[in-house]
Structure formats: C-alpha cells, structure tokens
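S.K.: Chains D and X are the protein sequences, given in the same order.
Quick note on the working numbering: the first sequence kicks off at 9 and runs consecutively.
Quick note on the working numbering: the second sequence kicks off at 194 and runs consecutively.
Note that the Cβ used here is the ideal one computed from N, Cα and C, for glycine as well.
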Amino acid sequence: MLSVKQISKHFGDKIVLEDISLEIAEGEFVSLIGPSGSGKTTLFNLIGGLLMPDGGEIWKNEDNITNTTGHISYMPQHASLFPWRTILQNVLIGQELQGRKEEGLAKEMLQKAGLGEVIHSYPHELSGGMKQRASFIRALLSPQSFLCLDEPFSALDEFTRLDMQKWLLHIWEDNQQSILFITHSIDEALFLSDKIVVLSAGPAKVKRVFEVPFARPRDEQILLSEEFLKWKRMVLEEVQR
Amino acid sequence: MRQIFTKGWRPLAAILLFIVIWQVATRVFTIEEWLLPAPTDILSEAQHTWEEFLFHFVATVKLTIGGFIIGISVGLAVAILLHMLPRVRETFYPFLILSQNIPIIVLAPLLVIWFGFGSLPKLIIITLSCFFPIAVSALGGFQQTSRELVHYMKMMGATKRQLFWKLEFPHALPSIFSGLKISATYSVMAAVISEWLGAQEGIGVFMTLATSSFRTSRVFVAIIVVMVLSLTFFGLIVLLEKLVLKWNKKGGTV
Numbered sequence: 009m010l011s012v013k014q015i016s017k018h019f020g021d022k023i024v025l026e027d028i029s030l031e032i033a034e035g036e037f038v039s040l041i042g043p044s045g046s047g048k049t050t051l052f053n054l055i056g057g058l059l060m061p062d063g064g065e066i067w068k069n070e071d072n073i074t075n076t077t078g079h080i081s082y083m084p085q086h087a088s089l090f091p092w093r094t095i096l097q098n099v100l101i102g103q104e105l106q107g108r109k110e111e112g113l114a115k116e117m118l119q120k121a122g123l124g125e126v127i128h129s130y131p132h133e134l135s136g137g138m139k140q141r142a143s144f145i146r147a148l149l150s151p152q153s154f155l156c157l158d159e160p161f162s163a164l165d166e167f168t169r170l171d172m173q174k175w176l177l178h179i180w181e182d183n184q185q186s187i188l189f190i191t192h193s194i195d196e197a198l199f200l201s202d203k204i205v206v207l208s209a210g211p212a213k214v215k216r217v218f219e220v221p222f223a224r225p226r227d228e229q230i231l232l233s234e235e236f237l238k239w240k241r242m243v244l245e246e247v248q249r
Numbered sequence: 194m195r196q197i198f199t200k201g202w203r204p205l206a207a208i209l210l211f212i213v214i215w216q217v218a219t220r221v222f223t224i225e226e227w228l229l230p231a232p233t234d235i236l237s238e239a240q241h242t243w244e245e246f247l248f249h250f251v252a253t254v255k256l257t258i259g260g261f262i263i264g265i266s267v268g269l270a271v272a273i274l275l276h277m278l279p280r281v282r283e284t285f286y287p288f289l290i291l292s293q294n295i296p297i298i299v300l301a302p303l304l305v306i307w308f309g310f311g312s313l314p315k316l317i318i319i320t321l322s323c324f325f326p327i328a329v330s331a332l333g334g335f336q337q338t339s340r341e342l343v344h345y346m347k348m349m350g351a352t353k354r355q356l357f358w359k360l361e362f363p364h365a366l367p368s369i370f371s372g373l374k375i376s377a378t379y380s381v382m383a384a385v386i387s388e389w390l391g392a393q394e395g396i397g398v399f400m401t402l403a404t405s406s407f408r409t410s411r412v413f414v415a416i417i418v419v420m421v422l423s424l425t426f427f428g429l430i431v432l433l434e435k436l437v438l439k440w441n442k443k444g445g446t447v
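1) Would you mind giving the Cβ-Cβ distance between Leu448 (chain X) and Ser312 (chain X), rounded to the nearest angstrom? I have them listed as a contact below 8 Å.
2) Which residue marks the beginning of the beta strand (DSSP E) containing Tyr286 (chain X), and which one marks its end?
3) Kindly indicate which three-state DSSP category Glu434 (chain X) falls into: helix, strand or coil?
4) In the DSSP output, which residue or residues are listed as bridge partners for Ser233 (chain D)?
5) State the beta-bridge partners of Glu139 (chain X) as determined by DSSP.
6) By DSSP's criteria, Trp67 (chain D) is part of a beta bridge. Which residues make up the other side?
7) Name the residues in the region 99 to 121 of chain D whose C-beta lies less than 9 Å from a C-beta of chain X; which are they?
8) Under a Cβ-count criterion, where at least 16 other Cβ atoms within 10 Å of its own Cβ denotes burial, should Thr446 (chain X) be classed as buried or exposed?
9) Which of the residues in the region 337 to 358 of chain X, read from start to end, lie with their CB under 9 Å from any CB of chain D?
10) Output needed for Ala209 (chain D): all residues of its chain with C-beta closer than 7 Å, excluding positions within five of it in sequence on either side, in chain order.
11) Could you pull out every residue in the same chain whose Cβ sits closer than 7 Å to the Cβ of Thr76 (chain D), ignoring the five residues on either side in sequence?
12) Helix, strand or coil, according to DSSP, for Tyr82 (chain D) in the structure here?
13) Assuming Leu149 (chain D) and Leu100 (chain D) are in contact, meaning their beta carbons sit under 8 Å apart, how far apart are those beta carbons, in whole angstroms?
14) With a cut-off of 8 Å, does the C-beta of Pro151 (chain D) fall near any C-beta of chain X?
15) Anyone know if the C-beta pair for Ala121 (chain D) and Arg141 (chain D) falls short of 8 Å?
16) Look at Gln14 (chain D) and Ser81 (chain D) and say whether their C-beta atoms are less than 8 Å apart.
17) Work out the CA separation of Phe144 (chain D) and Phe361 (chain X) for me, nearest whole Å.
18) Which residues in chain D have a C-beta closer than 8 Å to the C-beta of Pro363 (chain X)? List them in chain order.
19) Taking Arg249 (chain D) as the reference, which of D:Val214, D:Pro221 and D:Leu232 has the closest Cα?
20) In whole angstroms, what is the alpha-carbon distance linking Gly444 (chain X) and Lys435 (chain X)?
21) Give the residues from the region 415 to 441 of chain X that approach chain D closer than 7 Å (Cβ to any Cβ), ordered along the chain.
22) With a cut-off of 8 Å, does the C-beta of Ile15 (chain D) fall near any C-beta of chain X?
23) In whole angstroms, what is the alpha-carbon distance linking Glu225 (chain X) and Thr233 (chain X)?
24) Return the CA-CA distance between Glu70 (chain D) and Val12 (chain D), expressed in angstroms with no decimal places.
25) Can you say whether Arg169 (chain D) is buried or exposed, counting buried as having 16 or more other CB atoms within 10 angstroms of its CB?
26) Does His344 (chain X) pass the burial test, meaning 16 or more other C-beta atoms within 10 Å, or should it be called exposed?
27) Looking at the secondary structure, which residues open and close the beta strand (DSSP E) in which Lys347 (chain X) lies?
28) Just mark Met420 (chain X) as buried or exposed, buried being the case when its beta carbon has 16 or more other beta carbons within 10 Å.
Spelled out as structure tokens, the structure:
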C-alpha cells in the first residue's frame, strides 16, 4: 500500500500542493484527475522521490520513502524509449537499474502485448501506439510493484487511445499491480480505475474521491451505458465546481 | 557500392578535370619544375622515391595513431570530468578554449626546449590539437541529453553512474563521433607539423628536406600522401561510426 500523507509543496511564493492525502491499496487502480496546472506532475515527482515536500510524508507499506528514489515504477507521457536500444533491451532497463534481468519473462510479456514481432527492432521503427505499449511493459517489468502513469495516452489519436485503454485493462487484469494514473479524460478515468481522485487547481487539494462501481473485467460496452453517463456527469460537475 | 559510384562521380570528375588543367597549364606556360611541377612529374618522383619515403611514412603513421589515441582519451576524460563536476566546468571551461588560442607553430619549439627531441613534445602537440574537438563535442552531447529520458531515469531511481553510462554516454555518441572525425584529420596535420621541428624521420622531415633543396616535386608527393592519409583516417572513423551507431537513422541504413 502506498500512502501520501498531508503533502504540501510550494515553489517560491506559489503554493502548488496543499494538504494532499491519498491511499492506493495493493492491486488498486487509482486515477488522478484535475485541471491542467493543478500540480499533478509535481505530486508525481514527490512520490518518485525527486522532490522534498515542505510538509507531510510518503509511505510505502512500512517504509517512509519521502524524498528517496527507486521505490516506484514510472511510465511517462511520451514513450521515452532509448533510441539505441532494441525494444527488448528497452523494456529491461528498469530491471537493469535494480540489478537483475529476466529476459525470458520480458520476451513472454512482449509476446502477450502483441510486440513479439518487433522485440529486436529499434523504437523509431514502431508506431506511436506500439511505443506506448513497450513503455508500459517496461514499467510493468520493473521490479517495483507500484506504477505511476503520467497521462500515457494523451499524445495518441482517439482510435489508438481506446485500443490502448482496452489493452491496458487486459494486461493489467492479469498482473494486478497498484497503479496511480494521471489523466485529463473523465472517460478514461471511469473506464479504467477503481477510484478517482479529483483535484482542484491552484493550490491543488483533494476535492473528492469517487469509488467507481463498474465490475471487472470491463468491456467497452459500458462506455455507452446510462450508468456510465450518469457517473461521467457527476465527476464532470465535481471537476468544474 | 553502386551508390558510391552514382554519388561519387561528380567530385571524381572535378578532380580529374583539375589535374588535366594543371598538367596542360604547366606545359603551355612552360612553368619550371621547381616552381610548380606537373602532375606527371610528381608521379615519376613518387615512383623514384617511394622506397625512401616508406620509412618516413611509417614513422608518421605511428606517431599520428599514438597521438590520436592519447588525444581522444584526454578529450573524453576532460569532457566527463567537466560534465560530472559543474563547478569545475564553470572554472576551467575558459582554459579549454584558451588552450586552442596558443599558436602551435610558436609552442612547438618551446616544447622541444622543455622536453628535448624525443617523441614526448610531438605527442603533446598532437594531443593538444586533437583533444579539443572531442572534449567540446562530447561535453555538448552530454549536456543535450533529452530531459524526458533523464527524468525517466531519475524517477526509476537511477544512480549518477547509471545515468551516465546507460543514458548520457550512449546519447552523446553521435556528437562524439563528429568530434572524432575532426580530430582524425587534425591529428595528421599536427603530426607533420610536430616533425618539422627536430625529428629524424617522418613525412614532416621529408618535406623540410625537400623544400630546402627546392625539390618541389617531392614536396608535392608528401602533400598528396598527407591528404590521402587524412582522408583514410576520416574514412575509418566514418566506418566505425556506421558500425557503432546502427540504431541511428542518419548514421546508416543497416
């Protein structure tokens, strides 16, 4: 379990985060939604240990991980694959940093992710969607069990995005790692997550937490159901309020 | 191979045309051989002297390779040091540039006075002209590492050492190779210049002897060999670059 306890952070005169508390249970998928500039990325950098909070602490199970790195796995907005490494070498980098490589497992995961054909290709030979898949597999393969995803699909076109969301659900339902997911899209948050945390802007505070009621495994049919639209309206009202 | 031919015929034709004009001009205007020898004179001189010349040639090649290797090692070491220690970079970067403002032609005799006629002053001269392009291009490459990739590595908990060897160094390789290409050509020039000042062997010695006895054809033989040598070194680096940077789209089609 990862707990963010009453974190606050300011840069100069500007207070970015104020008294933010979150909990992500083992195997839980939590989305973080809020207007741009609401400090979501700052929160990620704090959880990743790159920044020291002004107040509050971050705990992973029984360890205080405030301002220490290497406890989470990360998937950035752009694929950020290394151009000189093949796809296989790329997805192994997270393990390399922590010391042990499981090439067999990596190959198996790439195969399942539909990237079996391109394990020895270089990133520039792949489409945007495939790069994001490789990037997600890289995050999954890293030994840390807790994943932070920073708007991973925002740079993709609408069709690829829906494909990727379904694909991510499919892969994730097999692995059940804890995920904290930043997104701009309410649809995406509702479709994917167990819990949605709505942030306010300047300074960011936790406005409200929604428990998403849809059963798993989820189907894209729910995107068009009455229930889904009702929830979407509720979340939207909360975001705009 | 065909690609080389289709792309290469233009410069090749230009060179041939140039040689023909040169040949014709020396004959038409009856220019003395000690002033400007015709290409055919140079060719026959080359046939004459190649046995004697080979000895000088080997000496220069050895000196060039030795100096080049020391030069790139020093260049890379300087770049890594300055990159890892920002304070040191701020303090010593101006010295790096100043080191290139010393005219080598003036420095060389001084080095001979300080270190004698051995190979040490010569290696210093080559190193001095080789390390700078490498150091500057490598440093530039390290500094321009994609911010996104650095952020990823830091979020994943990479140590400073991992960040350098897994990200910054491979990222800088294309820049380092452009530096290597410049240094490779500089190293031949620097080796010849270093031989001008007190050496027993080398193309530089051969040149000074030929110049002082007005055997201009010999000078031209030396000039052409130096040019070919530079080109060869350059070509070897390009070849190595293609092998190492297979992933780089611009580097090759492999």
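M.R.: According to the structure data:
1) Nothing can be reported for residue 448 (chain X), as the shown portion of chain X is limited to 194 through 447.
2) Where Tyr286 (chain X) is concerned, there is no enclosing beta strand (DSSP E), although the alpha helix (DSSP H) it sits in stretches over Pro279 to Leu291.
3) helix
4) Beta-bridge pairing links Ser233 (chain D) to no other residue.
5) Residue coverage of chain X in this structure runs from 194 to 447, which leaves residue 139 (chain X) outside it and unanswerable.
6) D:Ser11 and D:Asn72
7) Ile101, Gly102, Glu104, Leu105 and Gln106
8) Reliability of the predicted coordinates at Thr446 (chain X) is poor, the pLDDT of 37 falling under 50, and the value obtained from them is presented with this limitation in mind. Flag for Thr446 (chain X) reads exposed.
9) Ser339, Glu341, Leu342, His344, Tyr345, Met346, Lys347, Met348, Met349, Gly350, Ala351, Thr352 and Gln355
10) Gly42, Pro43, Gly45 and Ser46
11) Gly57
12) strand
13) 7 Å
14) no
15) yes
16) no
17) This sequence places Glu at residue 361 (chain X); Phe is not what is there. If you take the alpha carbons of Glu361 (chain X) and Phe144 (chain D), they lie about 23 Å apart.
18) Phe90 and Trp92
19) D:Val214
20) With a pLDDT of 41 at Gly444 (chain X), under the threshold of 50, the modelled position of this residue cannot be trusted; read the value that follows with caution. Distance between the alpha carbons of Gly444 (chain X) and Lys435 (chain X): 6 Å.
21) Trp440
22) no
23) 13 Å
24) 13 Å
25) buried
26) buried
27) Run containing Lys347 (chain X): none in the beta strand (DSSP E); it sits in the alpha helix (DSSP H), Arg340 to Met348.
28) exposed
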